[in-house]
Amino acid sequence: MEEVAAERSNLGGVRHILLVLSGKGGVGKSTISTELALSLRHSGKKVGILDVDLCGPSIPRMFKVQDSDVHQCDAGWVPVFVDQEKSISLMSIGFLLEKPDDAVVWRGPKKNALIKQFVADVAWGELDFLIVDTPPGTSDEHISTVEALRPYKPLGAILVTTPQAVSVGDVRRELTFCKKTGLRVLGIVENMSGFVCPHCSECTNIFSKGGGEELAKHAGVPFLGSVPLDPQLSQSLEEGRDFIQEFPKSSAFPALTRIAQQILDGTLQQSS
Amino acid sequence: SEMLTPLRCSTPRSLGRRGAAACLPSATRARCSRDEVLQDKRARILSRGLPKQKPIEGVKQVLVVASGKGGVGKSTTAGKIFLVVAKEVGLLDADIYGPSIPKMMNLKGNPELTPENLMRPLKNYGIACMSMGFLIEETAPVVWRGLMVMSAVEKLLRQVDWGQLDYLVIDMPPGTGDVQLSISQNIPIAGAVIISTPQDVALLDARKGTEMFRKVHVPVLGLVQNMSVFQCPKCKHETHIFGADGVRDLAKTVGLDVLGDIPLQVNIRETCDSGQPVVISQPQSDAVSLVHCAKSKKKKKKPTTKCSSHP
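Chains as they are written, first to last, in our numbering: chain H, 1 to 272; chain C, 1 to 311.
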């Protein structure tokens, strides 16, 4: 009965749901979600991003559509499209605020209500992948998101970490959270892994290296890859350049393409 | 309170049809001022149910290190700024979901209980620390909803034998939710320091953090720009990995001081991972001089000369 309801709902046309999690803040969940969406689109897929970080929504800013409005249609809320071909669609609380600087200072129950609305009332249409970008931690937002998405059988979760010990420690907790809630862990991504000086090409491990890979080995989950620190990335955002155009030239692009490929291979395996 | 609909109506729905009519572009000034009076009255009635602020015994002043954005260096900076202060300082790690203070201060183990059933904070480098990390296993996640988090924060604040402290520094978690609200509503806070990296997305959240403290009437002492610049150890070329001067621009916009500018240095991360704060293990490094500068500005609470990484 639940399955039939799930098929007819707004998420019925979404083939795979991916969660991007991390116990630690500031490791690059939103950045990796954005880059992953762009890599999957590069492979010809239609992708949606659901940003459930209600206190700090970063996704609209990353695609430079923070001034867009959300409109209503018969089926619910229409997600914001970032391009003419409608290959990437977004939903975030960032679009619903009066001013972009408004602080969302809510307690748990109100957050839960909005997340339920995000899951049930957004008319995503036909999508190959829905990437859910989460805030750091294992709190109300995460519990509500996992519960609300359970009937739709998410493909799994990708855990993002930086190589340093404090991040790895928090991500270990997140792994336990996934086990407890029955969420499959697709793998670990080590972000900000190494910085190559643009002047002399010397590679410095500012945030250490290898912590994510070791954690993956230790926990018995796949290691999806390391993504280097790319100063061009944040510079292009600051200078208002189009990240979608800039991204293919970035040093992070090959790493993300490999990660996207592993996910695509995983989905093929699942369906066969 | 904000009710969100796709049409961006900011008037609370509970005002009824009168309130809804005020959303129309043709609302008159008279209607708007009547709404303001109503909103004031609502705010006063609602605040009757809020908890009363009660100071913590033995603690002279409470300072809060927050950000809004995760991963900008709140725990890293909170530990360091107050290590160089020659006073009695306590450090409370209010990040229930991702406590970092135990690792950074090289502390482990369950706190003892005093005869009055209060928890004794663990001490290292002269600072008394309390964190959720001491009460749970390293790999155990805290999968709690808001209400339980509130009661945990209450225990970490009040059921600890802090002794006599000049400052209690609270290291906040990222976000603007339950923990931040509970702490600001339950204890009087002398001031908040907001940390951010120069990145756009971080500044967005830092601004929300500042907004939040204004809403709950906590004075914001200033902003600290972290991870401002990276100097290649081989060729000394400086790269602004996360952008340049974003925090200074934000400070100008919101009318706050920049208390300091801390660069990205490998030795900060290395010493954090090994649990030896850089101000203790490498007191001669650049990062430390900046922290000293930031601390003195914070104490004076007035703008002084700009802190930079070059002598």
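The beta-carbon is built from N, C-alpha and C at its ideal position, and this holds for glycine as well.
For L204(C), the chain H residues whose Cβ falls inside 8 angstroms of its Cβ are G56, S58, R61, P100, D101, in order along the chain. In terms of CA proximity to N191(H), G211(H) leads the group E174(H), R184(H), G211(H), W124(H). In chain order, G177 make up the part of chain C whose C-beta sits under 7 angstroms from the C-beta of W106(H). By the CB criterion at 9 angstroms, T176(H) and I143(H) fall outside the cutoff. Taken atom to atom, the span from the alpha-carbon of T271(C) to that of L157(C) is near 28 angstroms. With the rule of 3 Cβ pairs closer than 8 angstroms, the stretch 195-203 of chain H counts as touching the stretch 235-244 of chain C. If you look at I115(H), you'll find it in the alpha helix (DSSP H) that goes 108-121. Within its own chain, the residues whose Cβ lies closer than 6 angstroms to the Cβ of D53(H), once the five positions on either side in sequence are excluded, are P135, listed in chain order. It is roughly 11 angstroms from the alpha-carbon of P55(C) to the alpha-carbon of Q185(C). For Q164(H), the closest of I268(C), D273(C), Q53(C) by C-alpha to C-alpha distance is D273(C). A direct Cα-to-Cα measurement between H218(H) and R173(H) gives close to 13 angstroms. Here the alpha carbon of N106(C) sits roughly 43 angstroms from the alpha carbon of T267(H). The contact set of F177(H) on chain C, defined by CB atoms closer than 8 angstroms, consists of P141, V143 in chain order.
For K86(H), the closest Cβ of chain C is not nearer than 9 angstroms. By the CB criterion at 9 angstroms, V224(C) and I262(C) fall inside the cutoff.
At least one CB atom of chain C sits nearer than 9 angstroms to the CB of F207(H). I59(H): member of the alpha helix (DSSP H) spanning 59-62, first to last residue.
With a threshold of 9 angstroms between beta carbons, H217(C) makes no contact with chain H. Only exposed fits K179(H), as fewer than 16 other CB atoms lie within 10 angstroms of its CB. The residue among G56(H), D133(H), T34(H), Q269(H) with its C-alpha nearest the C-alpha of F253(H) is T34(H).
Along the stretch 34-64 of chain C, none of the residues has a CB nearer than 9 angstroms to a CB of chain H.
Contact annotation, L90(H) with V80(H): C-beta distance approximately 5 angstroms; criterion of less than 8 angstroms satisfied. Contact annotation, L229(H) with I241(C): C-beta distance approximately 6 angstroms; criterion of less than 8 angstroms satisfied.
Among the CB atoms of chain H, one or more fall inside 9 angstroms of the CB of I241(C). Check the Cα spacing between S193(H) and each of R184(H), G137(H), S167(H), L183(H): the tightest is with S167(H). Neighbours of G23(H) in chain C, taken as residues at a C-beta separation under 9 angstroms, are given in chain order as Y97, G98, P141. A66(C) is the residue among A66(C), Q39(C), R42(C), V37(C) whose C-alpha sits nearest the C-alpha of V218(C). Pairwise C-beta distances place the stretch 114-132 of chain H out of contact with the stretch 126-143 of chain C, as fewer than three of them are shorter than 8 angstroms. A190(C): not part of any alpha helix (DSSP H); DSSP gives it neither H nor E. Using beta-carbon distances, F230(C) counts as an interface residue toward chain H, with a partner under 9 angstroms. Taken atom to atom, the span from the alpha-carbon of I96(C) to that of D200(C) is near 27 angstroms. Only those residues of the stretch 155-181 of chain H whose C-beta falls short of 7 angstroms from the nearest C-beta of chain C are listed: Q164, A165, V166, G169, D170, R172, R173, E174, T176, F177, K180. The three-state secondary structure of S75(C), taken from DSSP, is helix.
When Cβ pairs closer than 8 angstroms are counted between the two stretches, the stretch 154-171 of chain C is seen to touch the stretch 109-120 of chain C, the count reaching three or more. In the three-state reduction of the DSSP assignment, H217(C) falls in the coil class, being assigned neither a helical nor a strand state. For M132(C), the three-state secondary structure derived from DSSP is helix.
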